[in-house]
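S.K.:
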Amino acid sequence: MLKKYIYLLPIIILLQCSFPEIEDVTPPTVVVAYPYDGAVISANVNARISAFDDEEVSEVWYYLNGVKSTSVNNIPYEIELNISSLERKVDHYIQAAAKDKEGNVGYSEYVIFTVAETQDIIDPIVTIVNPQGGQVVEGIVNIVANAEDERSIQKVAFYINGDSVGLSSTYPYSYGWDTANYSDSTQHT
């Protein structure tokens, strides 16, 4: 009988023990989505920051030339980038940071941008590369646009028959158009 208790004693002790939780020591992954490296900015814009964590991101902010901005905690992570006091025609840098609920802080790579000497008053030039004018299409069509500007392109908007259908903020600028809901044998613009 005593042998049974001796065997049961370690099992009882093990059941009463609690195992420690695995501590989260991994910081969030952070990327500055806009402005992009090499951008030329002529007006205040929203800095767009992507932040991901295996648990939860609790706070996001950026450093502009080493000075911390205000922080946000709601997706999309966008914070105004006020350039009014920045020197013109000089490189400036922005670095984003994010903190998770455990207090781990992750940092993005530095992004260097320039403030333009004057306001941007020249519209960008956009051309549709695909599909070609007059081309017959069906199914899902990958619309590809080329956009050029003497400064920088922030995003390209796609319209079908005057209706806004999509945005693209990365080159190559494209949108997958599903033609199923559009009339056959009709020209669309």
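Sequential numbering of the sequence shown, starting at 219, is according to my numbering.
Even glycine gets a Cβ: it sits at the ideal position worked out from N, Cα and C.
1) Does the pairing of the segment 322-329 with the segment 240-255 give three or more beta-carbon distances under 8 Å?
2) Using 8 Å as the Cβ pair cut-off and three pairs as the minimum, do the segment 379-386 and the segment 337-356 touch?
3) Check Thr332 in the structure and name its three-state DSSP category.
4) Out of Ser401, Ser276, Phe376, which one is the CA nearest neighbour of Gly321?
5) Note down the Cα distance separating Ile358 from Ala398, rounded to an integer number of angstroms.
6) Give the range of the beta strand (DSSP E) segment to which Gly352 is assigned.
7) Using the beta-carbon count (16 or more within 10 Å), is Arg266 buried or exposed?
8) From Pro246, Glu305, Ala315, pick the residue whose C-alpha is nearest to that of Val333; which is it?
M.R.: Let me lay it out:
1) These segments touch.
2) No, the segment 379-386 does not touch the segment 337-356.
3) Strand at Thr332.
4) When only C-alpha atoms are compared, the closest one is Ser276.
5) Roughly 8 Å separates the two Cα atoms.
6) Taken as a continuous stretch (DSSP letters only), Gly352 belongs to no beta strand (DSSP E), as it is neither H nor E.
7) In the assembly as shown, Arg266 is a buried residue. Its beta-carbon has 16 or more other beta-carbons within 10 Å.
8) Closest by C-alpha distance to Val333, out of Pro246, Glu305, Ala315, is Glu305.
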